[in-house]
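Colleague: The opening position of the sequence shown corresponds to residue -3 in my numbering, with each subsequent residue numbered one higher.
Built from N, CA and C at the ideal position, the CB exists for glycine as well.
Note that the structure is a prediction, hence the values are computed from the model and not measured.
First, the structure itself, so that you have it in front of you.
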Amino acid sequence: MIQIAVLGYGTVGSGVVEVINTNHASINKKAGDEINIKYVLDLRDFPGDPVEEVLVHDFETIINDPEVQIIVEVMGGLEPAYTFTKRALEAGKCVCTSNKELVARHGTELLEIAKSKDINYLFEASCGGGIPIIRPLNSSLTADEIDEVTGILNGTTNYILSKMASDGSDFADVLKEAQRLGYAERNPEADVEGYDACRKIAILSSLAYGNHVNYEDVYTEGITKITAEDIKYATVMGTSIKLLATSRKVGDGFYAMVSPVMIDQNNPLFSVNGVFNAIFIHGNVLGDAMFYGSGAGKLPTASAVVADVVDCAKHLHRNIMMNWSSKKLELMKIDDVKSRFFVRLGGSLSERLEEVEALFGKVNVVTVPSLKDEFAFITEEIAEHEYKEKAEKLDGILSMIRARF
Ligand code: HSE
-3 MIQIAVLGYG
7 TVGSGVVEVI
17 NTNHASINKK
27 AGDEINIKYV
37 LDLRDFPGDP
47 VEEVLVHDFE
57 TIINDPEVQI
67 IVEVMGGLEP
77 AYTFTKRALE
87 AGKCVCTSNK
97 ELVARHGTEL
107 LEIAKSKDIN
117 YLFEASCGGG
127 IPIIRPLNSS
137 LTADEIDEVT
147 GILNGTTNYI
157 LSKMASDGSD
167 FADVLKEAQR
177 LGYAERNPEA
187 DVEGYDACRK
197 IAILSSLAYG
207 NHVNYEDVYT
217 EGITKITAED
227 IKYATVMGTS
237 IKLLATSRKV
247 GDGFYAMVSP
257 VMIDQNNPLF
267 SVNGVFNAIF
277 IHGNVLGDAM
287 FYGSGAGKLP
297 TASAVVADVV
307 DCAKHLHRNI
317 MMNWSSKKLE
327 LMKIDDVKSR
337 FFVRLGGSLS
347 ERLEEVEALF
357 GKVNVVTVPS
367 LKDEFAFITE
377 EIAEHEYKEK
387 AEKLDGILSM
397 IRARF
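The structure is reproduced here in structure tokens:
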């Protein structure tokens, strides 16, 4: 029997207990041994819940029990999750987690401790919820040199943008509705400002390219400035606006970026709507691959965590090598990254087109009949610094969204 402990009985923690109870027999068969939850750690009591039988309030009970071989950390946040995880790994206990903040911030160090102890620190659920992506990057795609990872990695913002597009509503109204329905957190900053997607693309990029990508180096913009008017243009053009988290190899360098991007129907991420997530990968021999599914939520996330528990059970005293070295991947300056730019401009098209073309050269022009006294144009591919220099000379820019088509 393999004894495990679950740290945190919140949404994901209770999901882990539910998944293990629901699929007990098949999980044990796949793990090759019986997985038993010996402890659940939480500061709260849960009167009437069967978890009371295994509930403890003190981490020392778990860390000092030599029978516990695998710890599931689903507390979220940096502390005490970091201290508990480090102590668990140093004590020779495997750790499985959904904690993206912790993996992005301390993943390199925790992976090194796991390696030195010949055990495992696994984090499939940290990116894309229930979508298998960490394991594919670490095993199925090892024949490739990956040169692009682009994902819709945040369900909350994808829900908001999809709803804005389908209902024509404003960001603030859809956010309120998403909070009412429980899709968005009461403090939605990490989601809507892009910080959550930023941590996830840093984790995926570290694994894809083999060197540590510091999430603080990833250029990040959220969706708070996207308006119902921007969406109207996107709809007229048959495009959609998505919060894309991207990292790409360009020449000998790499860049990483989170920002709203206008994409067209040829992009495989175009039809990823609502709370779903998807990750597009390009490898030099594989070509394109895409992973799609439930990117958040209690049971999908718990499914990925429990799959990691099974993997730990199968490799109890053997480290599964991860392609994530502590060497830092230096990212290109965002100013040198090239994009097309969709720009909305106040004023009349006939009066201002000459001015626009004098700065940007030939552009594609778009108008929306219901939006008077403004128009939009899309530039050819230019570097960010070039866009900024030219945009400074243009009065009346209403909005700018990067375009990929
Ligand atoms: N807040 C995250 C999201 C949860 O909306 O995708 C999953 O990491």
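1. Grouping DSSP H, G and I as helix and E and B as strand, with all else coil, what is R182?
2. Among the candidates S112, R340 and M396, whose CA atom is the shortest distance from the CA of V257?
3. Going along the chain, which unbroken runs of the beta strand (DSSP E) with 3 or more residues stay wholly within the stretch 47 to 111?
4. List the endpoints of the continuous beta strand (DSSP E) containing I16.
5. List the DSSP bridge partners of F167.
6. Would the stretch 141 to 160 count as touching the stretch 236 to 248 if we require 3 or more Cβ pairs under 8 Å?
7. Measuring CB to CB, does P184 end up less than 9 Å from A174?
8. Is there at least one non-hydrogen atom of ligand 1 closer than 8 Å to the beta-carbon of N269?
9. Less than 8 Å separating the Cβ of A87 from some heavy atom of ligand 1?
10. So does E173 have its beta carbon nearer than 8 Å to some heavy atom of ligand 1?
11. Starting from L133, follow the alpha helix (DSSP H) in both directions and report where the run begins and ends.
12. In terms of residue numbering, what span does the alpha helix (DSSP H) encompassing T297 cover?
13. Can you find a heavy atom of ligand 3 that lies under 8 Å from the Cβ of K96?
14. According to DSSP, simplified to helix, strand and coil, what is F411?
15. Our contact map puts R400 next to D226 with C-beta atoms below 8 Å; I'd like the distance itself, whole angstroms only.
16. Who are K422's beta bridge partners in DSSP?
17. Please classify Q261: is it buried, with 16 or more other beta-carbons within 10 angstroms of its beta-carbon, or exposed?
18. What residue range does the alpha helix (DSSP H) around D226 cover?
19. Any idea which residues DSSP pairs N262 with across the strands?
20. Please report how far the alpha carbon of I316 lies from the alpha carbon of E370, in whole angstroms.
21. How big is the Cα-Cα spacing for W320 and A180?
22. Return the Cβ separation of E380 and S346 in integer angstroms, given the expectation that the two are a contact with Cβ distance under 8 Å.
23. List the DSSP bridge partners of P256.
24. Specify the secondary structure class of G151 as computed by DSSP and reduced to three states.
25. Taking the C-alpha atoms as reference points, what is the distance between R101 and K82?
26. Distance, Cα to Cα, G384 vs V362?
27. Let me check you understand the geometry: is the CB of T297 closer than 8 Å to at least one non-hydrogen atom of ligand 1?
28. Could you compute how far the alpha carbon of K159 sits from the alpha carbon of G270?
29. Can I277 and E144 be called in contact, C-beta distance under 9 Å?
Modeller: Result, derived from the coordinates:
1. Coil at R182, not helix or strand.
2. Taking V257 as reference, the option from S112, R340 and M396 with the minimal CA-CA separation is M396.
3. Secondary structure remark: continuous beta strand (DSSP E) runs of at least 3 residues inside the stretch 47 to 111, in chain order: 64 to 69 and 90 to 93.
4. Per DSSP, I16 is not a residue of any beta strand (DSSP E); the alpha helix (DSSP H) it occupies stretches across T7 to T18.
5. Partner(s): none; F167 has no beta bridge.
6. Result yes; three or more Cβ-Cβ pairs closer than 8 Å.
7. Yes, they are a contact pair.
8. No; taking the cut-off as 8 Å, the Cβ of N269 has no heavy atom of ligand 1 nearer than that.
9. No, the Cβ of A87 stays beyond 8 Å of every heavy atom of ligand 1.
10. E173 Cβ: outside cutoff for every heavy atom of ligand 1.
11. First-last for L133: undefined, no H or E at that position.
12. K294 to K310 is the extent of the alpha helix (DSSP H) around T297.
13. As for ligand 3, it is missing from this structure, which binds only ligand 1.
14. Any property of residue 411 remains undetermined from this structure, which presents the chain solely from -3 to 401.
15. Rounded to whole angstroms, the Cβ separation of R400 and D226 is 15 Å, and the two are not in contact under 8 Å.
16. Any question about residue 422 goes unanswered here, given that the chain covers just -3 to 401.
17. With fewer than 16 Cβ atoms within 10 Å of its Cβ, Q261 is classed as exposed.
18. Per DSSP, D226 belongs to the alpha helix (DSSP H) from A224 to V232.
19. The partner list for N262 (beta bridge, DSSP) is empty, contrary to what the question assumes.
20. So the alpha carbons of these two residues sit roughly 56 Å apart.
21. About 31 Å.
22. Contact between E380 and S346 is ruled out by a C-beta separation of about 29 Å, above the 8 Å threshold.
23. P256 is bridged to L239.
24. Reduced to three states, the DSSP call for G151 is helix.
25. Cα-Cα distance, rounded: 13 Å.
26. Position check: residue 384 holds Lys in this sequence, whereas Gly was assumed. For K384 and V362, the distance between alpha carbons rounds to 21 Å.
27. For ligand 1, at least one heavy atom lies less than 8 Å from the Cβ of T297.
28. C-alpha separation (whole angstroms): 7 Å.
29. Between I277 and E144, the C-beta gap is smaller than 9 Å, which places the two residues in contact.
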